[in-house]
Structure formats: C-alpha cells, structure tokens
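A.B. asks: Here it is, the structure, as structure tokens.
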Amino acid sequence: MSMDEVKPLRLLLVEDNPGDARLLQEELKEVSSARFEVRHVTRMAEALAAVGEPGLDVVLLDLSLPDGHGLSNIERVVQAAPALPLVVLTGTDDEQLAMRAVHAGAQDYLVKGQVTGPLLVRALRYAIERKRAEEGLKREEAARETALFREQFLGILGHDLRNPLQAISGNAALLLRYGGLSEPQRKALNRISISSDRMARMISDILDFTRTRLGGGYTLQRTWMNVHEVLNQVVEELEVAHPQKRFELSVSGTGWGEWDADRVAQAASNLVGNAVQYSPEDSAVRVVARDEGDGVRVEVHNLGTPIPDERLQHIFDPFVRGRDGTRSGSRSGLGLGLYITNEIVKAHGGVLQVRSTETEGTCFWLKLPRHPPTAAKA
Ligand SMILES: Nc1ncnc2c1ncn2[C@@H]1O[C@H](COP(=O)(O)OP(=O)(O)OP(=O)(O)O)[C@@H](O)[C@H]1O
Ligand SMILES: [Mg+2]
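Quick note on UniProt numbering: the sequence shown kicks off at 1 and runs consecutively.
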C-alpha cells in the first residue's frame, strides 16, 4: 500500500499555549510514517463541543486550560465521548498524576518538553489500539451478560415454572383417573387440567420466543419427512378437540422434503389452530398442500371477521393479538403463535404470507423449499 492511500488520522488538539501547540504540530509533521489532520482548539468548552461530532480518531488534551484544570478535564472529555481514545499532556513529570490520569480514563500520558515526533505518534496510535481493545472487551462482556441472562431465563421457564406445572396437571389427571368423584368435582378438576395444559403451551411459546430473540435461534433437526402426514395429524388432533367444526384437507403431488418434522407440525398447528379459533363456529377450515416442484405450498383458510389492515402489517411481530379476544378473552393467547410460525418458516428458508378480506376470509400460506439452501449446487 502506498503512503497516500493511508487515511490520515483526525486528531483533536486541546492546548491553550500557542507555543506548545505549534511545537506539537511541527513534531507531528516530522514523522513521515503517519499523516494527521489536526483540529486545534484552546478551551475545554470548544473541546467538549468538538468531541461530540463524529469523525475524530483521537484526542490530545492539555490538563491546564483557561476553563478547566487537572483530572476533571479528562473526566469531562470521557463523559462527553466515552469511546474516543485520549492522550493527556501535562507540564510535570509526575508518576502519580500519570497513574491517576489513566484511572480517570486516559489511554496514555505525555510530558511536555519531552515529546518528540515518533514518541507522540506512537502514543497516539497505541491509545487508539488500546481503546479499540477496551471497547472490544466491553462488547464481549455485554454479550456474556446477555448469554447469562438468557440461560437464567430459559432455566426459570424450562424448569422452575414447568416442573410445578407438570405436578399440577399430572396430579389432576391422576385424580380424574381414580374416579369416584362427584360431577362438580370432576368439572373442577377438568378445568385445572385444561388450564395447566394451556399454561404449559404458553411457557413453551415463551421459551421459543426467548431462544429466537436472545441469540441461539432455532437449530433444526432436519429429516426426510412428508408434510402431508404432518398435516393429516394436525387436522386429526384439532378435529377431536373441535367436533362441531368442518375440516377440509386436500393434498396433491408429493409432500416429501428435508424439514424439521416437529417444527413443521408446530407451525401447521399454530395456523390451523388460529383458523379454528378465529372463525365462526359452524364454518369450514380448509387446508391445502400443493406441490411446487422444488418446494411445497401450504394454505390455511377460514372465513369470519378479517384481520384489520393496521394489524395485518405487524401480524408476525411478537405479542400482536386481537384486542377483543374471544368470549371474556379467556381463550385468547399471548400473540406469539404467528411470530413463532414465521420464525420456523424462515429458519427453513421459506416464507409465510397472509391475505385477509371481508369476502374471502383469511388465508395464511407458507412456502417451504424442499432442501436446505446449502444443498443447492455451487
Ligand atoms: N386465521 C385467522 N383469522 C382471523 N384472525 C386471525 C387468524 N390468525 C390470527 N389472527 C389474529 O392475529 C392475532 C395473532 O395471532 P397469533 O397466533 O400470533 O396469536 P394468538 O392466537 O392471539 O395467541 P397464541 O397463538 O400465542 O396463543 C390473533 O390474536 C388474531 O386476532
Ligand atoms: Mg394463535
């Protein structure tokens, strides 16, 4: 790389003594291996305004200025620009002051009268490098903290909340099986059982949400599977739970592909479950799987009140749900179903889309490429 390709370093020189300032700038010019663009100011007030603007690489700061003196100068600059490398200039060779300057946030310390060009350039460059390393460490630390928080949160959801809940639903099931209960007792137990199942589902949705939001993401367990079989299963399960509902499932072509069967089932169950939940009692829910050659397309259709346009725009965001809920809101969920479904589809390299109108009702459809993207020919 030739010299003139090297970008000049932008230095803010804060020095009120004109003689010192001139000397420093001349020393910098002497060094041929580095180019500096120097901006010179003489007061703290100007310095604090200048460090707020973008584009500076490093600051060279005198510790005795007309409007600021000593270590407080450092603190003020650091507060105004925490990420900017800072080298301090002082009139006295004082080891203790040097240490305190570094503690206050400076990366290096130079004594006036002992400064030569090469020394100055090296101090400025080291300051930039040191600051970069410090910032890198800070970022690592923040990432570690997020990871720790994520682990704790997943632990609370996955064990601390799930285990007692399993005890509740397990024991409710046990009591129901023992029998010998009066009808009101049986009903109460049934409600305990249904509610705890619902809560367990919510917890696993929040677990999924936490996984996708706080890093980690989905790790897919891809196997060679048939999406037609999955749709059959999902529809059958919902048929049992909603005997009054009509389900129309039609599939064509091949449904084979390399997908994560559990995740695809979860996505399909969210969409078909929504279609059941948000359509009139006696209407039909239609599920169609089409063979599109290198992928499949699955459509889930229902009639009923369409999703309003303003909500449709954010429908795949987490925690978006209908304001009204259904009957006292007791059946409405967390608003995570579509978010999770979209994340699952995206993880497979597919897309999820929706259309909702008064006349045609609501249709969600997803397209899944049959193979992972990396399997494509290079
Ligand atoms: N097929 C549909 N027809 C009409 N409205 C729908 C349909 N699917 C979703 N919606 C609307 O979109 C909202 C968000 O759906 P989503 O599945 O993300 O959350 P939810 O069903 O409210 O709760 P969760 O799925 O987390 O239990 C729903 O509350 C509902 O208002
Ligand atoms: Mg839902």
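Glycine residues also receive a C-beta, built at the ideal position from the N, C-alpha and C atoms.
Please classify proline 85: is it buried, with 16 or more other beta-carbons within 10 angstroms of its beta-carbon, or exposed?
C.D. replies: Looking up residue 85 in the sequence shown gives position 85. When all chains shown are included, proline 85 counts as buried.
A.B. asks: Whose C-beta lies closer than 6 Å to the C-beta of arginine 150 among residues of the same chain, with five residues either side of it excluded?
C.D. replies: Taking the sequence shown and counting its residues from 1, the one referred to as residue 150 is at position 150. Counting only Cβ-Cβ distances below 6 Å, and skipping sequence neighbours, we find Leu214.
A.B. asks: Could you check if glycine 337 belongs to the surroundings of ligand 2, using beta carbon to heavy atom distance under 8 Å?
C.D. replies: Mapped onto the sequence shown, residue 337 falls at position 337. Yes.
A.B. asks: Determine the DSSP secondary structure at alanine 284, reduced to helix, strand or coil.
C.D. replies: As a working note, residue 284 is residue 284 in the sequence shown. Looking at alanine 284 - three-state DSSP - the assignment turns out to be strand.
A.B. asks: Can you check DSSP and say which residues form a bridge with proline 369?
C.D. replies: To locate residue 369, count along the sequence shown from 1; it is residue 369. DSSP, once it has assigned bridges, lists Gly295 as partnering proline 369.
A.B. asks: Please classify glutamine 313: is it buried, with 16 or more other beta-carbons within 10 angstroms of its beta-carbon, or exposed?
C.D. replies: Locating residue 313 in the sequence shown gives position 313, where the first residue counts as 1. The residue in question, glutamine 313, is exposed, as its Cβ has fewer than 16 Cβ neighbours within 10 Å.
A.B. asks: Please go through the stretch 10-65 and give each complete beta strand (DSSP E) segment of 3 or more residues, from N-terminal end onward.
C.D. replies: With a minimum length of 3 residues, the continuous beta strand (DSSP E) runs that stay inside the stretch 10-65 are 36-41, 58-62.
A.B. asks: Leaving out the 5 sequence neighbours to the left and right, which residues in its chain are closer than 6 Å to arginine 81 when beta-carbon positions are compared?
C.D. replies: Here residue 81 corresponds to residue number 81 of the sequence shown, with the count starting at 1. Arginine is not the amino acid found at residue 81; the sequence shown has alanine there. Result list for alanine 81: Val51, in chain order.
A.B. asks: So the beta strand (DSSP E) glycine 257 belongs to, where does it begin and stop?
C.D. replies: The count along the sequence shown starts at 1 and reaches residue 257 at position 257. That run of the beta strand (DSSP E) goes 256-259.
A.B. asks: Which two residues bound the contiguous beta strand (DSSP E) that contains threonine 90?
C.D. replies: Sequence index remark: in the sequence shown, residue 90 carries index 90 (1-based). It spans 86-90 - the beta strand (DSSP E) in which threonine 90 sits, taken as one unbroken run.
A.B. asks: Hey, would you say the C-beta of serine 33 is under 8 Å away from at least one heavy atom of ligand 1?
C.D. replies: Position 33 of the sequence shown, counted from the first residue, corresponds to residue 33. No, the beta carbon of serine 33 sits no closer than 8 Å to any heavy atom of ligand 1.
A.B. asks: Ordered along the chain, which non-local residues of its own chain (more than five positions away) have a Cβ less than 8 Å from that of glutamine 185?
C.D. replies: Within the sequence shown, numbered from 1, the residue matching residue 185 stands at position 185. None.
A.B. asks: Quick one: is the Cβ of glutamine 266 within less than 8 Å of any heavy atom of ligand 2?
C.D. replies: Taking the first residue of the sequence shown as position 1, residue 266 is located at position 266. Answer for glutamine 266: no, Cβ out of range of ligand 2.
A.B. asks: Identify whether phenylalanine 316 lies in helix, strand or coil by the three-state DSSP scheme.
C.D. replies: Working through the sequence shown from its first residue, we reach residue 316 at position 316. DSSP places phenylalanine 316 in coil when its eight states are reduced to three.
A.B. asks: Touching or not, the stretch 336-351 and the stretch 217-237, by the rule of three or more beta carbon pairs under 8 Å?
C.D. replies: The answer is yes - the stretch 217-237 touches the stretch 336-351, with three or more Cβ pairs under 8 Å.
A.B. asks: Give a yes or no on contact between the stretch 225-243 and the stretch 201-212, applying the rule of three or more CB pairs nearer than 8 Å.
C.D. replies: Counting Cβ pairs under 8 Å, fewer than three are found: no touch.
A.B. asks: Would you kindly work out how many angstroms separate the C-alpha atoms of glutamate 229 and proline 373, rounded to a whole number?
C.D. replies: For the purposes of this step, residue 229 is identified with residue 229 of the sequence shown, where counting begins at 1. For the purposes of this step, residue 373 is identified with residue 373 of the sequence shown, where counting begins at 1. Distance between the alpha carbons of glutamate 229 and proline 373: 23 Å.
A.B. asks: Pull up the distance between the alpha-carbon of isoleucine 315 and that of glycine 155, whole angstroms please.
C.D. replies: Walking along the sequence shown from the start, residue 315 turns up at place 315. Walking along the sequence shown from the start, residue 155 turns up at place 155. Cα to Cα, the separation comes out at about 29 Å.
A.B. asks: Report the three-state DSSP secondary structure of glutamate 360 (helix, strand or coil).
C.D. replies: Sequence index remark: in the sequence shown, residue 360 carries index 360 (1-based). Reduced to three states, the DSSP call for glutamate 360 is coil.
A.B. asks: Does DSSP put threonine 326 in a helix, a strand or coil?
C.D. replies: Along the sequence shown, read from residue 1 onward, the residue named residue 326 stands at position 326. With a pLDDT of 46 at threonine 326, under the threshold of 50, the modelled position of this residue cannot be trusted, and the question is left open.
A.B. asks: Could you tell me which of Pro118, His69, Asp94 sits nearest to serine 33, measuring between CA atoms?
C.D. replies: What you label residue 33 is simply residue 33 of the sequence shown in a count that begins at 1. When only C-alpha atoms are compared, the closest one is Pro118.
A.B. asks: At a threshold of 8 Å, does glutamine 313 count as lining ligand 2 (C-beta to nearest heavy atom)?
C.D. replies: Translated into the one-based positions of the sequence shown, residue 313 becomes position 313. False, no ligand heavy atom lies under 8 Å from that Cβ.
A.B. asks: Bridge partners of arginine 290, per DSSP?
C.D. replies: Along the sequence shown, read from residue 1 onward, the residue named residue 290 stands at position 290. Its beta-bridge partners are Arg297.
A.B. asks: Give a yes or no on contact between the stretch 94-106 and the stretch 37-48, applying the rule of three or more CB pairs nearer than 8 Å.
C.D. replies: They do not touch, by the three-pair rule.
A.B. asks: Since arginine 246 is in the beta strand (DSSP E), which residue starts that stretch and which ends it?
C.D. replies: Taking the sequence shown and counting its residues from 1, the one referred to as residue 246 is at position 246. Per DSSP, arginine 246 belongs to the beta strand (DSSP E) from 246-251.
A.B. asks: Identify whether residue 380 lies in helix, strand or coil by the three-state DSSP scheme.
C.D. replies: Because the chain spans 1 through 378 in this model, residue 380 falls outside it and cannot be assessed.
A.B. asks: Here's the rule: buried if 16 or more other CB atoms are within 10 angstroms of the residue's CB, otherwise exposed. What is glycine 6?
C.D. replies: Along the sequence shown, read from residue 1 onward, the residue named residue 6 stands at position 6. This sequence places valine at residue 6; glycine is not what is there. Result: exposed.
A.B. asks: On the DSSP bridge list, what partners appear for leucine 110?
C.D. replies: By 1-based counting over the sequence shown, the position of residue 110 is 110. Answer is Leu89.
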